[in-house]
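These protein sequences, in sequence, are chains A and B. Reminder that position 257 of the first sequence reads as 257 in our numbering, one-by-one numbering, no gaps. Reminder that position 227 of the second sequence reads as 853 in our numbering, one-by-one numbering, no gaps. First up is the structure itself, then whatever we jot down about it.
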Amino acid sequence: MSDTANRRSQDQALLSVRSLSVEFGTGNGAFKAVRDVSFDVRPGRTLAVVGESGSGKSVTSLAIMRLTDYTGGRITGGQVLFRPDGGEAIDLVKASDSRLREIRGNDIAMIFQEPMTSLNPVFTIGNQISETLILHQGLNGRDARLRAKELLQKVRLPDADKLLDRYPHQLSGGMRQRVMIAMALACNPKLLIADEPTTALDVTIQAQILNIIRDLQQEMGTAVIFITHDMGVVAEMADDVVVMWKGEKVEQAPVRDIFAAPQHPYTRALLSAVPRLGSLTGQPLPKRTPVMVMDGGVAKAVGDTHEQNTADYTKPILQVDKLTTRFDVGKTFFGRVTHRVHAVEAVSFDIYPGETLALVGESGSGKSTIGRTLQQLVEPTGGTVRFDGRDMAAMSQGERRRLRQEIQYIFQDPFASLDPRHTVGYSIAEPIIVHGLINDRKERERRVHELLEQVGLQPQHARRYPHEFSGGQRQRICIARALASNPKLVIADESVSALDVSIQAQIVNLLMELQERKRLSYLFITHDMAVVEKVSHRVAVMYLGQIVELGSRQAIFENPQHSYTRKLLSAVPIADPQRERAKTRIEGEIPSPVRPVGQEPAIHRMREVEPGHWVAIESDPLRGAA
Amino acid sequence: MAGFILKRLLQAVFVVLAVTLIVSFAIRLSGDPAIMLMGGGNVTEQDLQNIRQALGLDRPFYVQYLAFLEGMVRGDFGKSFMGGTSVSMLIANALPATLLLAFASLLASIVLSVPLGVYAAVNRGRWPDQVIRILSLVGLSFPNFWLAIMMVLLFSIVLGLLPPSGMEGPESFVMPALTMAIILTATNVRLVRTSMLETLSQQYIMVARSKGLRDRVVLYKHALRNSAIPLVTYIGLQFGGLIGGIVIIERVFNWPGMGTLAFDAISNRDYPVLQGTITVLALFIVLINLLVDIAYGLIDPRIRTE
């Protein structure tokens, strides 16, 4: 190939989406999910399509291979031109079903968001990878199996041989997503479409998966369309970015330009809402900053800059001492327990009035179990919990009920945590009734209205039902409900994790504002380090049921001591394409907290490295004895 | 696995004990077989007493029941009150006819309901789905005996194609099996449809499609096996009902199976025959459900490891 011909094939797009529109038939007319969207993907390059829920980014990704046909969607206009060999373009919108089947899985492959549900539970890993190879490459069973093994090794899965005969449920989420990647890359596709491939994974696992995709892309020269809502992932992965909003493309630019000089007001609002790790470096206190919100097509700043100087360190409101919570699992034929989940092991921490303590960690770290234990949803196995100086274990029934009023909980999923059959007003009033706080009906109604206003909603919303609200509004309702009983401590368990970034930023600001107004203490349970940096006064890092590092926010983020804390921080994708990519490679799975009965984990000893900054001793001789 | 099967077999023993106890006790409330045997007329109390003594009915209930159990362990269900034929012999003659009918209709219903159910699920809300659902509702609404009589009317009397009753050759087998199959299919189609709809909305089905697999492979390899659990469960439960239905169908078609045997035994208050047939049928139901549990593990590896 001559130089000019080479350049031409480089310049020519592998995939050109032209004025694509997709509709879904609903009860009341057609819903236009994607309108007039165009973009190009060049060979070997990565295009990120970003947007929030309802932006049409996932529908776009499905429409490329016409998989929308199976979800009730209809492509109403436009072209999807695919040039597999740099030659004649095929319009996938008009291609025959059999031609499409030849392209799917062979020239264009796809990875989906949920690794837990992307693999068929009743077939082995080997079977599912071989299937594509037998179909598209005409391999026989034996050769396909050999190739499947190679592919598993390529995505750095250990024990590839044994893995071929395993079933999906025997693998962790991260491993399954690697199998998914191996499956997608089986036929050396020209184009890989990855729809939120790491959203459901822990941050250290996400870092591994992103590395694998990047490495394999370089090795195989695959072009990638990366669908995501996470600007950090965009900065790390993308060459070019398409921003989608309400079914339309609002901006397209090379990744540096998107971050350095966003043109569309929505892009600017989106970027301003992204929590950035390191944004509060050098500042001792958490800080509220204004949020850009879209208001009729214009970005508008809401809120003010405010230091969160609310904590009062004279006397703790909550003292947790050597809290241990274990669950029995695995029983023999005769009902004897063989294994236990060591969810929480000898965890100690205090929370002070007006303070936010962040509890961070990955799946299985025990952070949610602590929250549930404090809310009396789970009985602790050992240790003491003191609230306002009183020991929880020594409390009477009445006192325990009163404790439920003083400690409130905000859950992760605002869609599942409100009763769909009751009005919002009823849900908010319920804790007031249950705890007998206000007995007069009129008075109670006034209180519900006041609470709704405090969380930024309107009094007349009380008469509506949860389905009439968006996710962000529902989370505000959940906050209003938590505040209804005048709690002193609020446990927020991944309360902002499921929300779009712009909504997340607003809810975080609301929580901080309420903390200042009501001197609330928060136990903020999350896996998202960037949010932690913004909201918390102190941070406790959890790993396998134990706290490995505890200190002020500044100490943890600017002077992390424990290797796990460092690993966690280095795994967070940074929303800044200028920044050099992390050199350190993170490897390995998160170990399981399930242990056979009789094998107790060693309890870390903590060392104070500076006042108030505690770190688990890593070369603890006790560890070896376990 | 062996432990699991052992546990289930142990349960089966209790099921059989309970079933036989209830049946033996209940039938003794229904009247005196001695009067049945004498057929009315000029009978003295002494005659009846003699017959009762001859049949062993003068003994207390628990003695009779224990004697029955003891015989059962030896594989001897006693002799029929009518003509003194060995009950085991009667069952050995009737059981194959019934099993043939039961399994043939079950098989026919699976062969019919799986493709129809899958087709309805794929075309959800469109006319093939509507037609299949309406037909299934119609099938559900037929009483089995009425359907059987209509069949006889159509195929034997109007068309003269099939013999109306008895078991003479392969053609006499068509109508009873078809009647049962239609009734089973009507429910199974709905079950397959609902279960397939659930499976088709799963992410791994979209993944299978994104691999470029043909619709047939996506539906029958990837989706069907995941939808099979509810169907298999229901077939296990259905088997009990199937036996009940067979009693009626066998009656209408004069099919010489377990149903006819049991029916006659009830009419004649023929205790040993009834106890024997019920015990064998109960054992079969237990066995089928054991097979269903084993099938779960074969279908779904997640159940296997538990």
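All C-beta atoms in this analysis are idealised placements derived from N, C-alpha and C, irrespective of residue type, glycine included. Predicted model, so just to flag it, every value in this text is computed and none were measured.
Chain A partners of Leu635 (chain B), CB-CB under 8 Å?
Here residue 635 (chain B) refers to the residue found at position 9 when the second sequence is read from its first residue. Those within 8 Å of Leu635 (chain B) in chain A number zero; the least Cβ separation is about 15 Å.
Using a Cβ-Cβ distance under 8 Å, would Phe411 (chain A) count as near chain B?
Here residue 411 (chain A) refers to the residue found at position 411 when the first sequence is read from its first residue. Phe411 (chain A) does not count as touching chain B.
Classify Val912 (chain B) as buried or exposed, calling it buried when 16 or more other Cβ atoms lie within 10 Å of its own Cβ.
In the second sequence, residue 912 (chain B) corresponds to position 286, counting from 1. Flag for Val912 (chain B) reads buried.
Within 10 angstroms of its Cβ, does Ile717 (chain B) collect 16 or more other Cβ (buried), or is it exposed?
By one-based count along the second sequence, residue 717 (chain B) stands at place 91. Counting Cβ neighbours within 10 Å, Ile717 (chain B) comes out buried, since at least 16 surround it.
If you count every other CB in all the chains shown that lies within 10 Å of the CB of Ser739 (chain B), and 16 or more means buried, which is it?
For the purposes of this step, residue 739 (chain B) is taken as the residue at position 113 of the second sequence. Label assigned to Ser739 (chain B): buried.
To which residues of the same chain is Leu133 (chain A) closer than 6 Å at the C-beta, ignoring the five residues directly before and after it?
Here residue 133 (chain A) is taken as the residue at index 133 of the first sequence, counted from 1. The answer, listed in chain order, is Leu139, Ala144, Arg147, Ala186.
For Leu938 (chain B), which residues in chain A fall below 9 Å Cβ to Cβ?
Because residue 938 (chain B) is not part of the residues shown, which for chain B are 627 to 932, the question remains open.
Whose CA, out of A:Val233, A:Ile213, A:Asp230, lies closest to the CA of Val224 (chain A)?
For the purposes of this step, residue 224 (chain A) is identified with residue 224 of the first sequence, where counting begins at 1. Of the candidates A:Val233, A:Ile213, A:Asp230, the one whose C-alpha sits nearest the C-alpha of Val224 (chain A) is A:Ile213.
Is the CB of Met822 (chain B) under 8 Å away from at least one CB in chain A?
Looking up residue 822 (chain B) in the second sequence gives position 196. It does not: the Cβ of Met822 (chain B) has no partner Cβ on chain A nearer than 8 Å.
In chain B, which residues lie less than 9 Å from Glu196 (chain A) when you measure between Cβ atoms?
Taking the first sequence and counting its residues from 1, one reaches residue 196 (chain A) at position 196. Near Glu196 (chain A) there are no residues of chain B at all, since even the closest Cβ is about 12 Å away, more than 9 Å.
With a CB to CB cut of under 6 Å and the five nearest residues on each side skipped, what residues in its chain are close to Val778 (chain B)?
To locate residue 778 (chain B), count along the second sequence from 1; it is residue 152. Same-chain partners within the cutoff: Pro790.
Just the C-alpha distance for Glu618 (chain A) and Ser279 (chain A), rounded to the nearest angstrom, thanks.
What you label residue 618 (chain A) is simply residue 618 of the first sequence in a count that begins at 1. What you label residue 279 (chain A) is simply residue 279 of the first sequence in a count that begins at 1. If you take the alpha carbons of Glu618 (chain A) and Ser279 (chain A), they lie about 29 Å apart.
Using C-beta distances below 8 Å, list every residue in its chain close to Ser19 (chain A), excluding the 5 sequence neighbours before and after it, in chain order.
The residue labelled residue 19 (chain A) in the question sits at position 19 within the first sequence. Around Ser19 (chain A): Asp36, Val37, Ser38, Gly77, Gly78, Gln79.
What beta strand (DSSP E) runs, 3 residues minimum, are completely inside the segment 693-739 of chain B?
none
Along the chain, where does the alpha helix (DSSP H) containing Gly382 (chain A) start, and where does it finish?
Walking along the first sequence from the start, residue 382 (chain A) turns up at place 382. Not the alpha helix (DSSP H): Gly382 (chain A) falls in the beta strand (DSSP E), residues 382-387.
What does Ile111 (chain A) pair with, by DSSP beta-bridge criteria?
Here residue 111 (chain A) refers to the residue found at position 111 when the first sequence is read from its first residue. Note: Ile111 (chain A) sits in a beta bridge opposite A:Ala194.
Have a look at Ile648 (chain B) and Pro927 (chain B) and give me their C-alpha separation to the nearest angstrom.
By 1-based counting over the second sequence, the position of residue 648 (chain B) is 22. By 1-based counting over the second sequence, the position of residue 927 (chain B) is 301. Those two C-alpha atoms are separated by around 39 Å.
Answer with yes or no whether the minimum CB distance from Phe31 (chain A) to chain B is below 8 Å.
Taking the first residue of the first sequence as 1, we reach residue 31 (chain A) at position 31. By this cut-off, Phe31 (chain A) is not an interface position.
Taking the beta strand (DSSP E) that Ser348 (chain A) falls in, what are its first and last residues?
Residue 348 (chain A) sits at position 348 when you count from the first residue of the first sequence. Note, Ser348 (chain A): beta strand (DSSP E), 337-351.
Out of B:Ser853, B:Leu788, B:Ala812, state which residue places its alpha-carbon closest to the alpha-carbon of Tyr922 (chain B).
Reading the second sequence from its first residue, position 296 is the one you call residue 922 (chain B). That would be B:Ser853, whose Cα lies nearest to the Cα of Tyr922 (chain B).
Within 10 angstroms of the Cβ of Pro275 (chain A), are there 16 or more other Cβ atoms? Answer buried if so, exposed if not.
To locate residue 275 (chain A), count along the first sequence from 1; it is residue 275. Flag for Pro275 (chain A) reads buried.
Should Glu196 (chain A) be labelled buried (16 or more other beta-carbon atoms within 10 Å of its own) or exposed?
Stepping through the first sequence from its first residue, residue 196 (chain A) is reached at position 196. Looking at its Cβ environment, which holds 16 or more other Cβ atoms inside 10 Å, Glu196 (chain A) is buried.
For Ser782 (chain B), go through chain A and note every residue whose CB falls closer than 9 Å to its CB, in chain order.
Within the second sequence, numbered from 1, the residue matching residue 782 (chain B) stands at position 156. Correct list: empty, because the minimum Cβ distance to chain A is about 46 Å.
So that I know if they touch, is there some Cβ in chain B lying closer than 8 Å to that of Met392 (chain A)?
If you number the first sequence from 1, residue 392 (chain A) lands on position 392. Chain B, which has no Cβ nearer than 8 Å to the Cβ of Met392 (chain A), makes this no.
Using a C-beta to C-beta distance shorter than 7 Å, which residues of chain B count as neighbours of Met110 (chain A)?
The sequence position of residue 110 (chain A) within the first sequence is 110, counting from 1. Neighbours of Met110 (chain A) on chain B, chain order: Ser836.
Below 8 Å on C-beta distance, what does Met65 (chain A) contact in chain B?
As a working note, residue 65 (chain A) is residue 65 in the first sequence. Neighbours of Met65 (chain A) on chain B, chain order: Ser836.
Distance, Cα to Cα, Asp391 (chain A) vs Thr381 (chain A)?
Walking along the first sequence from the start, residue 391 (chain A) turns up at place 391. Walking along the first sequence from the start, residue 381 (chain A) turns up at place 381. Near 15 Å, if we compare the C-alpha coordinates of Thr381 (chain A) and Asp391 (chain A).
Tell me the residue span of the beta strand (DSSP E) that contains His613 (chain A).
For the purposes of this step, residue 613 (chain A) is identified with residue 613 of the first sequence, where counting begins at 1. 613-616 is the span of the beta strand (DSSP E), which, as asked, contains His613 (chain A).
Taking just the CA atoms, how far does Gly221 (chain A) sit from Arg7 (chain A)?
As a first step, residue 7 (chain A) is located in the first sequence; it is residue number 7 there, counting from the start. As a first step, residue 221 (chain A) is located in the first sequence; it is residue number 221 there, counting from the start. Residue placement at Arg7 (chain A) cannot be trusted, given a pLDDT of 47 that sits under 50; what the coordinates show is reported in the next sentence. Whole-angstrom Cα-Cα distance: 15 Å.
Report the option in A:Arg404, A:Gly232, A:Gln263, A:Thr310 whose CA atom is closest to the CA atom of Ala48 (chain A).
Counting from one through the first sequence, the residue named residue 48 (chain A) turns up at place 48. Nearest of A:Arg404, A:Gly232, A:Gln263, A:Thr310 to Ala48 (chain A), Cα basis: A:Gly232.
Mind listing the chain B neighbours of Glu23 (chain A)? Cutoff is C-beta to C-beta under 8 Å, in chain order.
Taking the first residue of the first sequence as position 1, residue 23 (chain A) is located at position 23. Simply none; closest approach about 17 Å.
So, helix, strand or coil for Lys249 (chain A), using DSSP?
Start at 1 with the first residue of the first sequence, and residue 249 (chain A) comes out as number 249. Residue state, collapsed to three classes: strand.
If we cut at 8 Å on Cβ distances, does Tyr897 (chain B) have a partner in chain A?
Along the second sequence, one-based indexing puts residue 897 (chain B) at 271. So, not an interface residue.
What are the residues of the segment 439-470 of chain A that lie near chain B, defined by any Cβ-Cβ distance shorter than 8 Å?
Close to chain B, meaning a Cβ-Cβ distance shorter than 8 Å, is no residue of the segment 439-470 of chain A at all.
Is it the case that the Cβ atoms of Val815 (chain B) and Ile875 (chain B) are separated by a distance below 8 Å?
Taking the first residue of the second sequence as 1, we reach residue 815 (chain B) at position 189. Taking the first residue of the second sequence as 1, we reach residue 875 (chain B) at position 249. Going by C-beta atoms, Val815 (chain B) is not nearer than 8 Å to Ile875 (chain B).
Could you tell me whether the Cβ atoms of Leu323 (chain A) and Gly383 (chain A) are closer together than 8 Å?
Your numbering for residue 323 (chain A) matches position 323 in the first sequence. Your numbering for residue 383 (chain A) matches position 383 in the first sequence. Yes, the pair counts as a contact, with Cβ atoms nearer than the cut-off.
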